[in-house]
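Asker: First residue of the sequence shown? That's 1 in the working numbering, and the numbers climb one at a time after it.
This structure is in structure tokens; I'll ask about it shortly.
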Amino acid sequence: MCAIFGIIGEYEEQQAKYALAKLSHRGPDHCGIVQKEQLFFAHQRLSIQDLHQRSHQPLVHKEILLSFNGEIYNFRELKEALNFPFTTDSDSEVIIAAYLKWGVDFVKHLRGMFAIALLDGETLYLFRDRLGKKPLYFMHDKAFRFASEIKALVPFLHQKKMNQDALMSYLSYLTPTPPHTFFQGIQKLAAGEFLTLSNNTINIQSYYSLLENTPSLISSEEEALRSIEHTLEEAMELRLSSEVPMATLLSGGIDSATINYYAKKQGIHAPSYTLGYEGFKKYDERANARESAAFLHLEHKEVVINQEQFMEASEHLFETMDEPLNDPAAIPLYLLFEEIKKDGYKVVISGEGSDELFLGYRQYFEYLDIEQAATLAHKSWLKKYFRNNFSMNREWEWYKRVFDETLLFRTSGEKFTDLQKNRLMRRNVKDNASLSYLQKFRDAFDASAHTDASLWYSYIDLNIFQAEHFLTKLDRVSMAHSIESRTPFLDHKLADVLFSIDPQLRYRDGVTKSLLKKVMQNKLPESTLTRKKKGFANPYMEYLIDSQKIALIEEVNSETNLFKKEALQEYIQRAQQGSFKQHIWGLYVLSFWIKKNLL
Numbered sequence: 001m002c003a004i005f006g007i008i009g010e011y012e013e014q015q016a017k018y019a020l021a022k023l024s025h026r027g028p029d030h031c032g033i034v035q036k037e038q039l040f041f042a043h044q045r046l047s048i049q050d051l052h053q054r055s056h057q058p059l060v061h062k063e064i065l066l067s068f069n070g071e072i073y074n075f076r077e078l079k080e081a082l083n084f085p086f087t088t089d090s091d092s093e094v095i096i097a098a099y100l101k102w103g104v105d106f107v108k109h110l111r112g113m114f115a116i117a118l119l120d121g122e123t124l125y126l127f128r129d130r131l132g133k134k135p136l137y138f139m140h141d142k143a144f145r146f147a148s149e150i151k152a153l154v155p156f157l158h159q160k161k162m163n164q165d166a167l168m169s170y171l172s173y174l175t176p177t178p179p180h181t182f183f184q185g186i187q188k189l190a191a192g193e194f195l196t197l198s199n200n201t202i203n204i205q206s207y208y209s210l211l212e213n214t215p216s217l218i219s220s221e222e223e224a225l226r227s228i229e230h231t232l233e234e235a236m237e238l239r240l241s242s243e244v245p246m247a248t249l250l251s252g253g254i255d256s257a258t259i260n261y262y263a264k265k266q267g268i269h270a271p272s273y274t275l276g277y278e279g280f281k282k283y284d285e286r287a288n289a290r291e292s293a294a295f296l297h298l299e300h301k302e303v304v305i306n307q308e309q310f311m312e313a314s315e316h317l318f319e320t321m322d323e324p325l326n327d328p329a330a331i332p333l334y335l336l337f338e339e340i341k342k343d344g345y346k347v348v349i350s351g352e353g354s355d356e357l358f359l360g361y362r363q364y365f366e367y368l369d370i371e372q373a374a375t376l377a378h379k380s381w382l383k384k385y386f387r388n389n390f391s392m393n394r395e396w397e398w399y400k401r402v403f404d405e406t407l408l409f410r411t412s413g414e415k416f417t418d419l420q421k422n423r424l425m426r427r428n429v430k431d432n433a434s435l436s437y438l439q440k441f442r443d444a445f446d447a448s449a450h451t452d453a454s455l456w457y458s459y460i461d462l463n464i465f466q467a468e469h470f471l472t473k474l475d476r477v478s479m480a481h482s483i484e485s486r487t488p489f490l491d492h493k494l495a496d497v498l499f500s501i502d503p504q505l506r507y508r509d510g511v512t513k514s515l516l517k518k519v520m521q522n523k524l525p526e527s528t529l530t531r532k533k534k535g536f537a538n539p540y541m542e543y544l545i546d547s548q549k550i551a552l553i554e555e556v557n558s559e560t561n562l563f564k565k566e567a568l569q570e571y572i573q574r575a576q577q578g579s580f581k582q583h584i585w586g587l588y589v590l591s592f593w594i595k596k597n598l599l
């Protein structure tokens with residue numbers, strides 16, 4: 001893992017190097033710069049593959065410059081098919097060779113995670129990997145600038161202003177939806193997109209979509225399980241290759257246990273880590289993780305955190321993230337990676353993506369059930385009733401949508417509905433206004449050959465809930481400690497398999513992750529396969545209330561007047577009683593950002 005950074009156009013050298021230095025945590029092993037008039041092209045390297053200095057970046061080949069962040073897991077296979085005078089054993093050089101052979105379509109041959117900047121003469125190309133594991137931000141005014149993190153672009157802003165689309169999409173979906181960031185003037189590429197800059201003109205295109213897979217190409221469960229197992233094992237094997245020490249995360253659930261099972265099978269010694277919370281047993285997964293570690297004969301370490309550590313780390317985390325992201329689990333994960341870093345590991349394997357691909361969230365099944373209400377023959381009375389009897393409960397919103405014949409499922413991360421925002425904010429928010437942030441995805445789904453609702457759930461969650469929320473969190477938290485995180489479940493070939501299977505095979509028996517559990521039957525203990533999902537739960541609201549930091553929300557609102565005072569107090573009171581907790585956490589994170597950047 002590394003950082004990429006560049007400027008095409010006029011720049012001031014001292015300012016450019018100051019901005020680049022803000023990314024040093026992503027690549028502490030080497031800083032490389034190609035600098036000339038109208039061009040500053042740079043790279044911060046975290047050495048994982050071919051540790052020799054010959055693989056330092058930016059790489060130069062004739063008129064081509066490359067700055068690359070990520071890992072190409074099939075680079076050795078590609079190398080054999082490319083006629084190129086290789087001088088390194090790195091995956092970076094393979095990117096240049098592939099580009100020379102296939103042009104911009106080279107990206108379709110890569111299997112891995114990446115953010116790529118490739119300058120060919122006067123034309124710049126930026127690529128973000130298919131499922132959004134690696135971030136890529138840019139801004140365009142008198143010059144064009146790009147970076148792996150927002151913090152390297154903020155110094156070039158003339159004034160910090162909040163992007164209102166980022167705010168509204170964040171309140172709805174826990175994170176700003178692409179192309180928005182909270183900083184007006186800074187944008188991000190979406191998963192599977194590439195940008196071309198030529199003659200000072202930007203063109204952004206998509207080069208990959210899960211919806212291109214043929215529906216129900218695999219119709220039998222036997223063939224589905226065989227395809228999943230083969231591709232999953234292959235994905236694991238590719239990501240378990242490393243020239244530096246590697247560790248894994250272990251929660252006690254099926255995803256992390258599966259990763260550790262395949263690591264052991266392939267003879268990889270990778271110690272596992274898990275989290276516990278001092279004084280909060282109900283959130284603690286140490287006992288479950290201990291059971292999995294014992295079964296798999298793992299070297300296992302437990303990290304226990306308390307309120308003081310959590311609240312202190314939260315401020316470091318918020319600085320790391322650059323902009324609001326509503327996920328309280330980011331803080332304990334930050335502390336866990338801090339411990340892993342102390343123990344000397346540079347690569348961590350994690351289980352992101354399994355829930356979205358295998359239907360691991362129980363609410364997926366609830367939504368599938370509620371979808372059936374749309375078939376009721378006489379629902380006009382129900383439509384009027386729900387319209388005239390507002391409720392804060394999410395079930396009310398679900399049924400209202402069904403009877404209104406609007407889109408029911410709007411990501412697993414949806415928090416504030418439009419009507420909730422309308423009651424809370426000092427502005428008029430129309431019902432269904434937040435759909436505009438998902439519209440391009442819904443249009444793509446409607447135009448595809450896929451019709452099953454569960455595939456819409458997986459598709460939009462992989463593009464927003466996973467790519468912009470979970471993977472943004474994982475990237476920042478791991479790279480803050482100069483650690484590369486790998487996510488084998490998000491291998492695009494495995495995702496393609498899941499989107500080629502008859503979707504009913506994923507949910508017909510009403511069991512979450514049914515296909516994955518069948519693949520891992522007789523490989524993991526029954527208790528692991530049937531254990532109820534905890535979802536990295538933690539006592540964040542208890543900590544926020546007890547530390548009295550929750551007062552920041554009303555303090556900032558008194559200066560901004562973003563929210564109606566009475567409605568805000570009602571949410572805070574409800575959170576103190578145990579409901580709407582993540583809604584309030586999101587407002588706390590937002591308040592922290594506003595105070596730091598705008599007040």
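C-beta atoms are modelled at their ideal positions from N, C-alpha and C, and glycine is treated no differently.
These numbers were taken from a predicted model, which means no experiment stands behind them.
What residues in its chain sit with their C-beta under 8 Å from that of Gly510, if we drop five residues either side in the sequence?
Answerer: In the sequence shown, counting from the first residue as 1, residue 510 sits at position 510. Closer than 8 Å at Cβ, skipping near neighbours: Phe365.
Asker: With a Cβ-Cβ cutoff of 8 Å, do Asp431 and Asp418 count as a contact?
Answerer: Taking the first residue of the sequence shown as 1, we reach residue 431 at position 431. Taking the first residue of the sequence shown as 1, we reach residue 418 at position 418. Their beta carbons are under 8 Å apart, which means Asp431 touches Asp418 by this criterion.
Asker: For Gly510, does the three-state DSSP call read helix, strand or coil?
Answerer: For the purposes of this step, residue 510 is taken as the residue at position 510 of the sequence shown. Gly510: coil per DSSP, three-state reduction.
Asker: So which of Met139, Leu119 and Val348 has the shortest CA-CA distance to Ser242?
Answerer: Here residue 242 is taken as the residue at index 242 of the sequence shown, counted from 1. The shortest C-alpha separation from Ser242 is found at Val348.
Asker: Please return the same chain residues whose Cβ sits closer than 8 Å to the Cβ of Ser172, not counting the five positions on each side in sequence.
Answerer: For the purposes of this step, residue 172 is taken as the residue at position 172 of the sequence shown. Contacts found: Arg410, Glu414, Lys415, Phe416, Thr417, Asp418, Lys421, Ser434 and Tyr437.
Asker: Is it the case that the Cβ atoms of Tyr356 and Thr175 are separated by a distance below 8 Å?
Answerer: Position 356 of the sequence shown, counting from 1, holds the residue named residue 356. Position 175 of the sequence shown, counting from 1, holds the residue named residue 175. One detail in the question is off: residue 356 reads as Glu in this sequence, not Tyr. Not in contact: Glu356 and Thr175 (Cβ atoms no closer than 8 Å).
Asker: If you follow the beta strand (DSSP E) that Glu222 is part of, which residue opens it and which one closes it?
Answerer: By one-based count along the sequence shown, residue 222 stands at place 222. It is not in any beta strand (DSSP E) - Glu222 instead sits in the alpha helix (DSSP H) that spans Glu221 to Arg239.
Asker: Since Ser148 and Ala191 should fall inside the 8 Å C-beta cutoff, what is the C-beta to C-beta distance between them, to a whole number of angstroms?
Answerer: Walking along the sequence shown from the start, residue 148 turns up at place 148. Walking along the sequence shown from the start, residue 191 turns up at place 191. About 15 Å; that fails the 8 Å criterion.
Asker: Compute the Euclidean distance between the alpha carbons of Tyr18 and Pro155, then round it to the nearest angstrom.
Answerer: As a position in the sequence shown, residue 18 is number 18, starting the count at 1. As a position in the sequence shown, residue 155 is number 155, starting the count at 1. Going by the C-alpha atoms only, they are around 8 Å apart.
Asker: Can you give me the Cβ contacts of Thr214 inside the same chain, cut-off strictly under 8 Å, excluding the 5 residues immediately before and after it?
Answerer: By one-based count along the sequence shown, residue 214 stands at place 214. Excluding sequence neighbours, Thr214 sits near Ala449 and Ser500.
Asker: In terms of residue numbering, what span does the alpha helix (DSSP H) encompassing Met168 cover?
Answerer: As a working note, residue 168 is residue 168 in the sequence shown. First-last of the alpha helix (DSSP H) with Met168: Gln164 to Tyr173.
Asker: Under three-state DSSP, which class holds Lys533?
Answerer: Position 533 of the sequence shown, counted from the start, is the residue given in the question as residue 533. Reduced to three states, the DSSP call for Lys533 is coil.
Asker: Could you check whether the stretch 380–389 touches the stretch 289–300, counting it as contact only if at least three pairs of C-beta atoms, one from each stretch, sit closer than 8 Å?
Answerer: No, the stretch 380–389 is not in contact with the stretch 289–300.
Asker: Determine whether the beta carbon atoms of Leu157 and Gly112 lie at a separation below 8 Å.
Answerer: The residue labelled residue 157 in the question sits at position 157 within the sequence shown. The residue labelled residue 112 in the question sits at position 112 within the sequence shown. Taking 8 Å as the Cβ cut-off, Leu157 and Gly112 do not qualify as a contacting pair.
Asker: Check this for me: beta carbons of Ala235 and Leu494, under 8 Å apart or not?
Answerer: Numbered from its first residue, the sequence shown carries residue 235 at position 235. Numbered from its first residue, the sequence shown carries residue 494 at position 494. Yes, the Cβ-Cβ distance between Ala235 and Leu494 is below 8 Å.
Asker: Residues in its own chain within less than 6 Å of Ala601 by CB, not counting five upstream and five downstream?
Answerer: Past the edges of the chain, shown from 1 to 599, lies residue 601, and the structure says nothing about it.
Asker: How is the beta strand (DSSP E) around Glu302 delimited, first residue to last?
Answerer: The sequence position of residue 302 within the sequence shown is 302, counting from 1. Segment His300 to Ile305, the beta strand (DSSP E) holding Glu302.
Asker: My output table needs one value for Tyr571: the three-state DSSP class, helix, strand or coil.
Answerer: Position 571 of the sequence shown, counted from the first residue, corresponds to residue 571. Tyr571: helix per DSSP, three-state reduction.
Asker: Leaving aside the five residues before and after Lys160 along the sequence, list all residues of the same chain whose C-beta is less than 7 Å from its C-beta, in chain order.
Answerer: Taking the sequence shown and counting its residues from 1, the one referred to as residue 160 is at position 160. Closer than 7 Å at Cβ, skipping near neighbours: Phe183, Asn597 and Leu598.
Asker: Would the beta-carbon of Ala16 fall within 8 Å of that of Ile7?
Answerer: Position 16 of the sequence shown, counting from 1, holds the residue named residue 16. Position 7 of the sequence shown, counting from 1, holds the residue named residue 7. Yes, these two residues count as a Cβ contact at 8 Å.
Asker: Taking the C-alpha atoms as reference points, what is the distance between Glu233 and Lys565?
Answerer: Counting from 1 along the sequence shown, the entry for residue 233 is found at position 233. Counting from 1 along the sequence shown, the entry for residue 565 is found at position 565. Answer to the nearest angstrom: the Cα atoms are 53 Å apart.
Asker: State the Cα-Cα distance for the pair Phe563 and Pro332, rounded to the nearest angstrom.
Answerer: On the sequence shown, residue 563 is found 563 positions in, with the first residue counted as 1. On the sequence shown, residue 332 is found 332 positions in, with the first residue counted as 1. Cα to Cα, the separation comes out at about 29 Å.
Asker: Identify which residue in Phe592, Tyr540, Leu552 and Leu474 has its Cα closest to the Cα of Phe580.
Answerer: For this step, residue 580 is matched to residue 580 along the sequence shown. Comparing Cα-Cα distances from Phe580 to each of Phe592, Tyr540, Leu552 and Leu474, the minimum goes to Tyr540.
Asker: Enumerate in chain order the residues of its own chain whose CB-to-CB distance from Phe465 is below 8 Å, with the five nearest sequence positions on each side excluded.
Answerer: Position 465 of the sequence shown, counting from 1, holds the residue named residue 465. Excluding sequence neighbours, Phe465 sits near Tyr173, Leu174, Glu356, Thr411, Ser412 and Gly413.
Asker: Might you give, ordered along the chain, the residues of its own chain that have their beta carbon closer than 7 Å to the beta carbon of Val107, omitting 5 neighbours on each side?
Answerer: Within the sequence shown, the letter at position 107 stands for residue 107. Cβ neighbours of Val107 beyond the five flanking positions: Phe127, Phe194 and Tyr207.
Asker: Could you tell me if Gly601 is buried or exposed, where buried requires 16 or more neighbouring beta carbons within 10 angstroms of its beta carbon?
Answerer: What the structure shows of the chain is the stretch from 1 to 599, and residue 601 is not part of that stretch, so it cannot be assessed.
Asker: Can you give me the C-alpha to C-alpha distance between Arg145 and Asp452, rounded to a whole angstrom?
Answerer: The sequence position of residue 145 within the sequence shown is 145, counting from 1. The sequence position of residue 452 within the sequence shown is 452, counting from 1. Spanning the two alpha carbons is a distance of roughly 41 Å.
Asker: With DSSP collapsed to three states, give me the class of Phe86.
Answerer: As a first step, residue 86 must be located in the sequence shown, where it is residue number 86. Reduced to three states, the DSSP call for Phe86 is coil.
Asker: Decide if the stretch 239–258 is in contact with the stretch 90–97; the criterion is three or more beta carbon pairs, one per stretch, under 8 Å apart.
Answerer: Verdict: no, contact absent.
Asker: In three-state terms, what does DSSP make of Phe194?
Answerer: As a working mapping, residue 194 is identified with position 194 in the sequence shown. Correct three-state label for Phe194: strand.
Asker: Within its chain, find whatever has a CB closer than 6 Å to the CB of Ala97; leave out the 5 residues flanking it on each side and keep chain order.
Answerer: The residue you call residue 97 lines up with position 97 of the sequence shown. Excluding residues within five positions, the ones whose Cβ falls inside 6 Å are Leu82 and Phe84.
Asker: Which of the three DSSP states, helix, strand or coil, is assigned to Asn388?
Answerer: In the sequence shown, counting from the first residue as 1, residue 388 sits at position 388. Three-state DSSP puts Asn388 in a helix.
Asker: CA-CA distance, His52 and Asn200?
Answerer: Your numbering for residue 52 matches position 52 in the sequence shown. Your numbering for residue 200 matches position 200 in the sequence shown. Low local confidence applies: a pLDDT of 45 at His52 is under 50, so the model's placement there is unreliable, with the coordinate-based value given in what follows. C-alpha separation (whole angstroms): 36 Å.
Asker: Under three-state DSSP, which class holds Gly185?
Answerer: For the purposes of this step, residue 185 is identified with residue 185 of the sequence shown, where counting begins at 1. The answer is coil: DSSP assigns Gly185 none of H, G, I, E or B.
Asker: Output the residue ranges of the alpha helix (DSSP H) runs that lie fully inside the stretch 455–511 and measure 4 residues or longer, sorted by chain position.
Answerer: You should have 471–479, 492–500 and 504–507.
Asker: Given this structure, state the Cα-to-Cα distance separating Leu524 from Tyr262, to the nearest angstrom.
Answerer: Locating residue 524 in the sequence shown gives position 524, where the first residue counts as 1. Locating residue 262 in the sequence shown gives position 262, where the first residue counts as 1. One C-alpha to the other measures close to 11 Å.
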